[in-house]
Amino acid sequence: MSKFVTIEILRYDPDKDKEAYYQSYKVEIRRPGMLMLAALNQIKWEQDPTLSFRRSCREGVCGSDGMNINGVNMLACMTKVEDLGTDHIVIQPLPGMPVMRDLVVDITDFINKFITVKPYIIRHSPMPDKELYQSPEDRKLLDGLYECILCGCCSSSCPSYWYDKEYLGPNAFLRAWRYLIDSRDEGADERLPILNDKHGVWRCHTIYNCVEACPKELNPTKAIVGIRKMLMDRKF
Amino acid sequence: MSMKIEYHEYDVLVVGAGGAGLNAAQVASQYVKTAVISEVYPTRSHTISAQGGISASLGNLEPDNWHWHMFDTVKGSDYLCDQDAAEFLCRKAPEMIIELEHIGLPFNRTPEGKIAQRPFGGHTAEYGKRPVKRACYVADRTGHAMLQTLFEKAVAQGTQFYSEFYALELIRNDNRVCGVLCMNIQDGTLHLFHAKAIIFATGGNCRIYETNSNAHINTGDGLALALRAGFSWADPEFFQFHPTGIYGHGNLITEGVRGEGGILLNGKGERFMERYAPTIKDLAPRDIISRAMVKEVLAGNGVGPDKDHVLLKIDHIGKEAIMEKLPGIHELALVFAGVDCTREPIPVMPTAHYQNGGIPTNYLAEVIKGYGEDGEEVYPGFYAAGECAANSVHGANRLGTNSLLDLVVFGRTAGERAAKFAKENEIADLPENAGEKGVKILEKFANSNGKYTFGPLYKELTTLMQNKAGVFRTEELMTEAVKELDDIEDKLSDFKVVDKSTVYNLDLIEALELNNMVTVSKVAAKAALLRKESRGGHSREDYPERDDVNYLKHTNAVLSGDGKSIEITYRPVRLKPLTVETFPPKPRVY
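Order-wise, the sequence lines are chains A and B.
End of the first sequence sits at 230 in our numbering; the numbers just go up one at a time, nothing left out.
End of the second sequence sits at 685 in our numbering; the numbers just go up one at a time, nothing left out.
Below, the structure is given as structure tokens:
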């Protein structure tokens, strides 16, 4: 016997809707371990072609399909419908970002904040002809940082990010820290003042929502603490 | 839909923001005003999914040299690659890896701090004697790290990005390309980019197959646009079916698993690759392993209730090694196959992974004509790099890790050449009817109100390609495929885009993509029908042998007449390398 779940999706099309509304769909669970992205494609391809959302790689690395499912930010392509433990599912766009259409949010500000922290190697010493040597221990420091997929699940779960429009947010700090502790980088003098701003790392209230939300199990709060410590060490 | 078109002018325009497009852009931006248009945000391009590594004969762990790498590339291609391009690729590889390292790519390291390397399929020492450690890697997230690093570098260089812009038409004026018409997906507005030089880096098209490893965006848009503008597609019949797609899903399990010691087992628990490739076994090239897997299943040696797949075993290298070098695989196997690969094998079957052909270019990434006596003649100011291009270093079968290398080597070359061209040449005038064709296609679908919608028709297309023009190819099946594809094309004239919004209209984008996929599928199926031999990824039941007398040549496809007819011709393979001796075709034994 086939099994169905109800999926309620927050819909909004600025061309015709004055305000957002919930629309309900019945979705068939067609295989054990069926993923939420397959459920959304089922709706789009078989029931309602007007539903809009982002997706691309379908395997949790491109970061396109971050959305709020039953109150938690996650990737649709890596979430099993059954694991939600309910047959009534509510999907909303990522919170704290302007909604463009249905589950599609405007990430321009999110990307700009990422770029603000100078997310690239800054180096003044000359480069050798060969690779810059980096010990396995120094390389290991980058684990848990470089794996970020820029899905926005962290920043859009952060109350400080919702409240302070200038706040750089956990994603930008995670990337800043990835470069600050890279043994090849010499950009701390340029990067730290940006992070020391009143909209920088001090605005984090260690709520840990970002850690909860990250689908790659990364820890932006730890990165923020690392940056704070680096700022303090430099001051005293 | 508003038909007002916003005008933009650049020196260099890059279409596509994967590894090739971003490397081209970051290089060109150092010299001239450069813009990138991309259907998705750059870090969401499909390069992000590349797992296992990028090859270069650095020799960090054991002796290696570029000539061995070139031999492997030529032999891996089943001798269909152009040997000047293969020499260029393999000689450039070490300096490209160093450049990537210098801009921040977090490669895994050896104990003394050098870039770590591991074995990969078809990469050997001393011209085929034994596997060699040539693949540089970032755990099993090499493409992810590379794409983000290149994006960050391009940002630092001041590249202008237009993200979520969908290309509708490549505009040419006689022999010069001069612009691209796009739609901003976010608000439905039209934009015309006028440029001195254009680089196509639009990626692949394996979404035409039901079982594939590709992202939703890999629909062959760039190829279809180039074809409609009168440019060629070389070797369209050659697809790579990667052996280790997750059974039932098609998502990729990197060859790096076998590079780290993983082995393939059939239903009898036999390590069957020992029979098919006695020297390098599970590290044979992908076409050979995929064919062996299909043979095992057809012989009744498969696994599972339907005996329809095989197993990839890696648990014997230990949990610690798996979590350090293959953490992404562990996650994918868990989510998609429900398998903990530190304890159990992963069920796998071949999955459509890569198109080996593309827009034909010379070894400098300059797009060539492809047909006629002057087939090698260059179109000034037009470049192609990455999966959408055929330079051709991959020929009939690409070696693992050579695609990331292809992206950076030919992306850089395209960026350098395009910037130089833009400095030395005036912009070509837009023709009177610039953008008309693109607007017409857009209007046709945006206003469509017929019978067929995307979902069912897309399913019909991919099932057809899977069953009749996939791994298993015969005259009979492909003749049916060619005919049925015409029927699907007819249905596009009775199509319905239900969504009429101007804002993020995914229904419309999918319709335009389907239109491109149908064009691409038709060309691929016809070319496959006409190549009566087996070579690399093109494996025919009715012509099981390679035929160098009649088919050691590139296929070249162009659209003609109303754009619905396909003309297939052939072009000699460039067998002469730049400086070294030719590797003459030999039987492919591993």
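Just so you know, even glycine gets a beta-carbon here, dropped at the ideal spot from N, CA and C.
Per-residue contacts from residue i into chain B (C-beta, under 7 Å)
| i | result |
| --- | --- |
| K124 of chain A | I193 |
| V75 of chain A | In chain order: nothing, as chain B lies at least about 12 Å away. |
| V98 of chain A | Y599 |
| S50 of chain A | V135, R139, A310, H311, I312 |
| L144 of chain A | T138 |
| E40 of chain A | G550 |
Delimiting residues of the alpha helix (DSSP H) encompassing residue i
| i | result |
| --- | --- |
| N67 of chain A | N67 of chain A -> not in any alpha helix (DSSP H); beta strand (DSSP E) instead, spanning 66 to 69. |
| E419 of chain B | 414 to 420 |
| Y155 of chain A | 153 to 157 |
| E47 of chain A | The identity of residue 47 of chain A in the sequence shown is Phe, whereas the question assumes Glu. Per DSSP, F47 of chain A belongs to no alpha helix (DSSP H) and is neither H nor E. |
Partners in chain A for residue i, counting only beta-carbon separations shorter than 7 Å
| i | result |
| --- | --- |
| G209 of chain B | Looking at the sequence provided, one finds Lys at residue 209 of chain B rather than Gly. Residues of chain A passing the Cβ test: E125, Y127. |
| A240 of chain B | Y140 |
| D602 of chain B | P43, T44 |
| D594 of chain B | P43, T44 |
| K671 of chain B | Per Cβ cutoff of 7 Å: no residues; K671 of chain B is ~31 Å from chain A at best. |
| R236 of chain B | E141 |
Partner residues on chain A for residue i, Cβ-Cβ distance less than 8 Å
| i | result |
| --- | --- |
| T597 of chain B | D9 |
| E196 of chain B | E125, L126 |
| S144 of chain B | C51, E53, V55, C56 |
| P201 of chain B | R133, L136, Y140, D176 |
For residue i: DSSP bridge partner residues
| i | result |
| --- | --- |
| Q335 of chain B | B:Y449 |
| A290 of chain B | B:Y105 |
| V407 of chain B | Looking at the sequence provided, one finds Leu at residue 407 of chain B rather than Val. Answer by DSSP bridge pairing, in chain order: B:L359, B:I441. |
| T664 of chain B | B:N651 |
| R5 of chain A | A:Y15 |
| H199 of chain A | Bridge partners of H199 of chain A: none, in fact. |
| I63 of chain A | A:V66, A:I85 |
| Y547 of chain B | B:F590 |
| Q212 of chain B | B:C231 |
| T0 of chain A | A:K20, A:H82 |
| H633 of chain B | B:R630 |
| R267 of chain B | B:V272 |
| E365 of chain B | For E365 of chain B, which the question treats as bridged, DSSP gives no partner whatsoever. |
| L29 of chain A | A:K74 |
| V398 of chain B | B:H404 |
Own chain residues within Cβ distance below 7 Å of residue i, not counting five before or after
| i | result |
| --- | --- |
| E13 of chain A | none |
| T205 of chain B | N155, L156, A211 |
| Q41 of chain A | Y19 |
Chain B residues whose Cβ lies nearer than 8 Å to that of residue i
| i | result |
| --- | --- |
| E184 of chain A | None at all; the shortest Cβ gap to chain B is about 12 Å. |
Span of the beta strand (DSSP E) around residue i
| i | result |
| --- | --- |
| G476 of chain B | 473 to 479 |
| T129 of chain B | 129 to 133 |
| H82 of chain A | 82 to 86 |
| V462 of chain B | 461 to 463 |
| R95 of chain A | 93 to 95 |
| S258 of chain B | 255 to 258 |
Interface residues of chain B facing residue i [CB-CB closer than 9 Å]
| i | result |
| --- | --- |
| M94 of chain A | Q281, D282, V598, Y599 |
| M61 of chain A | Simply none; closest approach about 14 Å. |
| M121 of chain A | I193, H197 |
Proximal residues to residue i (C-beta, below 8 Å), its chain only, five neighbours per side dropped
| i | result |
| --- | --- |
| T674 of chain B | E182 |
| W163 of chain B | S152, T219, A220, E221, Y222, V227 |
6 Å CB neighbourhood of residue i in its chain, flanking five on each side removed
| i | result |
| --- | --- |
| K578 of chain B | none |
| T614 of chain B | A319 |
| E471 of chain B | I463 |
| T437 of chain B | D410, K414, I417 |
| E702 of chain B | Chain B is shown only over 96 to 685; residue 702 of chain B falls outside these bounds and no answer can be derived. |
| D106 of chain B | V127, K128, K291, A517 |
| S97 of chain B | Unreliable placement is indicated for S97 of chain B, whose pLDDT of 47 sits below 50; the coordinate value is still reported in the next sentence. If we look at S97 of chain B and ignore the five residues flanking it on each side, it has no Cβ neighbours. |
Contacts that residue i makes with chain A (C-beta to C-beta distance below 9 Å)
| i | result |
| --- | --- |
| V618 of chain B | Ordered by position in chain A, no residue passes the 9 Å Cβ test against V618 of chain B, which lies about 24 Å from the chain. |
| P206 of chain B | S129, P130 |
| K248 of chain B | Y114, I115 |
beta-carbon residue i near the ligand GTP non-hydrogen atom, thresh 7 Å
| i | result |
| --- | --- |
| K159 of chain A | Among the components of this structure there are no ligands whatsoever, and the ligand GTP is therefore not found. |
Practice task
Identify each residue in the region 103 to 115 of chain A for which the Cβ-Cβ distance to at least one residue of chain B is less than 8 Å, and report them in chain order.
Solution key: I105, I109, K112, P113, Y114, I115
Practice task
Name, going along the chain, the residues of the region 184 to 209 of chain A whose beta-carbon falls closer than 7 Å to a beta-carbon of chain B.
Solution key: none
Practice task
Mind checking the region 296 to 318 of chain B against chain A and listing, in chain order, the residues whose C-beta falls within less than 8 Å of any C-beta there?
Solution key: A310, H311, I312
Practice task
With 9 Å as the C-beta to C-beta threshold (strictly closer), list the residues of the region -4 to 30 of chain A near chain B in chain order.
Solution key: D7, P8, D9, K10, R25, P26, G27, L29
Exercise for the section: Could you please tell me which residues of the region 426 to 449 of chain B, in chain order, have their CB closer than 8 Å to any CB of chain A? Expected result: E426, L427, V430, F431, G433
Exercise for the section: Compile a chain-ordered list of the residues in the region 101 to 133 of chain B whose CB is closer than 7 Å to at least one CB of chain A. Expected result: If the cut-off is 7 Å between Cβ atoms, the region 101 to 133 of chain B has nothing near chain A.
Practice task
Taking only beta carbons into account, state which residues of the region 337 to 363 of chain B come closer than 7 Å to chain A, listed in chain order.
Solution key: N346
Handout entry: Positions along the region 250 to 267 of chain B whose CB lies within less than 7 Å of some CB in chain A
Key = V250, A251
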